[in-house]
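Peer 1: If you scroll down you'll find the structure; I have some questions about it.
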């Protein structure tokens, strides 16, 4: 599956051919360098390891920098993309133009952190009445049954840390590709904050 | 932010700043009906501009058979063919929302008289 590392810059709107304003997310795709090719013989599966986004030399450790040996300067993000679907050689530099003929993409990102949240926000529980004598507002209610099983099952949905999950948004239409600015415009929202790292892949289901 | 400006500047139409709030304009707007395209003219008083780069819009108010009608147009929309200024108005504020609550003569905007020289 074709894929590249990008950076979410933010959202804006552009007009399409019919004159409709379309909400788009701007994803910057800096040079992606092929760091390594994984093969069935050597690793048991096919994959392409990409690196992107420059990293300060003072912030790299020797073991980390070792992965980039002979290829390029150490990069901030290293991503393995399985079954790349395109012949790549170590050291190749890939850019936005790879998505030239792609109509739809999937975007993987890390969602914004929401902190410690209750069941209503985190899991969509309905909550209770606010007034009319109600004493049950935004609680989670019961978590178990009765004498049997006399315990709360593991994985029961409860309050807790929300966000910063890996989220994939599928089938986003590619609105525009700008090779000069190295950006990709994709219709709709993409997980994560602005400046967050995302992986843009060719849509799996289209 | 430069990237956003670069993306938007491609679609921003120049010379769209020839009118402002208080002016009476004719907006030539193309509409698609099935596979046919035609131009519709909407005439009215510009009561507001909302400036936001490519997303800039302006509101045109008119009185249609006794009913006030307001239409918001995206200034840089490719569907706007042209905007004709019918009459310049003399106004002292940027948003003319007060017009909504006025009837008859009070809802009129005096014409702008430009002194020569």
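Protein chains in written order, with the working numbering: chain P, 21 to 226; chain L, 3 to 119.
Using N, Cα and C, we set each Cβ at its ideal position, and we do this for glycine too.
None of the values given here were measured: they were computed from a predicted structure.
1. Using a beta-carbon distance below 8 Å, is residue 98 of chain P in contact with chain A?
2. Mind checking residue 56 of chain L: buried by the 16 CB within 10 Å criterion, or exposed?
3. Can you tell me which of the three DSSP states residue 101 of chain L falls into?
4. So with CB distances below 9 Å, who are the chain P contacts of residue 51 of chain L?
5. Where are the alpha helix (DSSP H) runs, 4 residues long or more, that stay fully inside the region 3-66 of chain L, in chain order?
6. For the beta strand (DSSP E) that residue 85 of chain P lies in, which residues bound it at each end?
7. If residue 28 of chain L and residue 88 of chain L are in contact, beta carbons under 8 Å, what's the gap, nearest whole angstrom?
8. Any idea what DSSP makes of residue 28 of chain P, helix, strand or coil?
9. Please say whether residue 183 of chain P and residue 136 of chain P have beta carbons closer to each other than 8 Å?
10. Since I believe residue 115 of chain P is in contact with residue 202 of chain P (beta carbons under 8 Å), could you give me their beta-carbon distance rounded to a whole number of angstroms?
11. Less than 7 Å between C-beta atoms, sequence neighbours within five positions excluded: which residues of the same chain meet that for residue 120 of chain P?
12. Measure from the alpha carbon of residue 65 of chain P to the alpha carbon of each residue in P:109, P:142, P:100, then state which is nearest.
13. Contact defined as beta carbons within less than 8 Å: I believe residue 178 of chain P pairs with residue 163 of chain P. What is the distance between those atoms, to the nearest angstrom?
14. Could you check what DSSP says for residue 121 of chain P in three-state terms: helix, strand or coil?
15. Put residue 215 of chain P into one of helix, strand or coil per three-state DSSP.
16. Is the number of C-beta pairs between the region 16-28 of chain L and the region 39-59 of chain P that are closer than 8 Å three or more?
17. Cβ closer than 8 Å: which chain P residues qualify as neighbours of residue 10 of chain L?
18. Quick one: is residue 17 of chain L near chain P, going by C-beta distance under 8 Å?
19. Since residue 124 of chain P and residue 223 of chain P are thought to touch, with beta carbons under 8 Å apart, how far apart are those beta carbons, to the nearest angstrom?
20. Of all the residues that make up the region 38-72 of chain L, which are near chain P by a beta-carbon distance shorter than 9 Å?
21. Could you spell out where the beta strand (DSSP E) holding residue 100 of chain P opens and where it closes?
22. Let's see if you can read the secondary structure: which residues bound the beta strand (DSSP E) around residue 56 of chain P?
Peer 2: Result, derived from the coordinates:
1. No chain A appears in this structure, whose protein chains are P and L.
2. Walking along the second chain from the start, residue 56 of chain L turns up at place 54. So residue 56 of chain L ends up on the buried side.
3. As a working note, residue 101 of chain L is residue 99 in the second chain. Assignment of residue 101 of chain L by DSSP, reduced to helix, strand and coil, places it in the helix class.
4. Within the second chain, numbered from 1, the residue matching residue 51 of chain L stands at position 49. Chain P residues near residue 51 of chain L: none, gap ~17 Å exceeds 9 Å.
5. Residue ranges of uninterrupted alpha helix (DSSP H) with 4 or more members, entirely inside the region 3-66 of chain L and ordered along the chain, are 4-11.
6. Taking the first residue of the first chain as position 1, residue 85 of chain P is located at position 65. Bounds of any beta strand (DSSP E) do not take in residue 85 of chain P; it lies within the alpha helix (DSSP H) bounded by 82-86.
7. Mapped onto the second chain, residue 28 of chain L falls at position 26. Mapped onto the second chain, residue 88 of chain L falls at position 86. In this structure residue 28 of chain L is in contact with residue 88 of chain L, their Cβ atoms being roughly 6 Å apart against a cut-off of 8 Å.
8. Taking the first chain and counting its residues from 1, the one referred to as residue 28 of chain P is at position 8. Reduced to three states, the DSSP call for residue 28 of chain P is strand.
9. Taking the first chain and counting its residues from 1, the one referred to as residue 136 of chain P is at position 116. Taking the first chain and counting its residues from 1, the one referred to as residue 183 of chain P is at position 163. With a cutoff of 8 Å on beta-carbon distance, residue 136 of chain P and residue 183 of chain P are scored as not near each other.
10. Taking the first chain and counting its residues from 1, one reaches residue 202 of chain P at position 182. Taking the first chain and counting its residues from 1, one reaches residue 115 of chain P at position 95. Contact flag correct, Cβ pair sits at about 6 Å.
11. One-based indexing of the first chain puts residue 120 of chain P at position 100. Answer for residue 120 of chain P: 197, listed in chain order.
12. As a first step, residue 65 of chain P must be located in the first chain, where it is residue number 45. Among P:109, P:142, P:100, the Cα nearest to that of residue 65 of chain P belongs to P:100.
13. Residue 178 of chain P sits at position 158 when you count from the first residue of the first chain. Residue 163 of chain P sits at position 143 when you count from the first residue of the first chain. The beta-carbon distance between residue 178 of chain P and residue 163 of chain P, rounded to whole angstroms, is 7 Å. This is short enough to meet the 8 Å contact definition.
14. Locating residue 121 of chain P in the first chain gives position 101, where the first residue counts as 1. DSSP places residue 121 of chain P in coil when its eight states are reduced to three.
15. On the first chain, residue 215 of chain P is found 195 positions in, with the first residue counted as 1. The three-state reading of DSSP puts residue 215 of chain P in coil, since its state is none of H, G, I, E or B.
16. As far as the Cβ criterion goes, the region 16-28 of chain L does not touch the region 39-59 of chain P, which means the pair count is below three.
17. By one-based count along the second chain, residue 10 of chain L stands at place 8. Those are 32, 34, listed as they occur along chain P.
18. The residue given as residue 17 of chain L occupies position 15 in the second chain. No - not a single Cβ of chain P is within 8 Å of the one on residue 17 of chain L.
19. Locating residue 124 of chain P in the first chain gives position 104, counting from the first residue. Locating residue 223 of chain P in the first chain gives position 203, counting from the first residue. Indeed they touch by this definition, with Cβ atoms about 4 Å apart.
20. Listed in sequence order: 55, 56, 57.
21. As a first step, residue 100 of chain P must be located in the first chain, where it is residue number 80. For residue 100 of chain P, the enclosing beta strand (DSSP E) covers residues 95-102.
22. By 1-based counting over the first chain, the position of residue 56 of chain P is 36. Segment 52-58, the beta strand (DSSP E) holding residue 56 of chain P.
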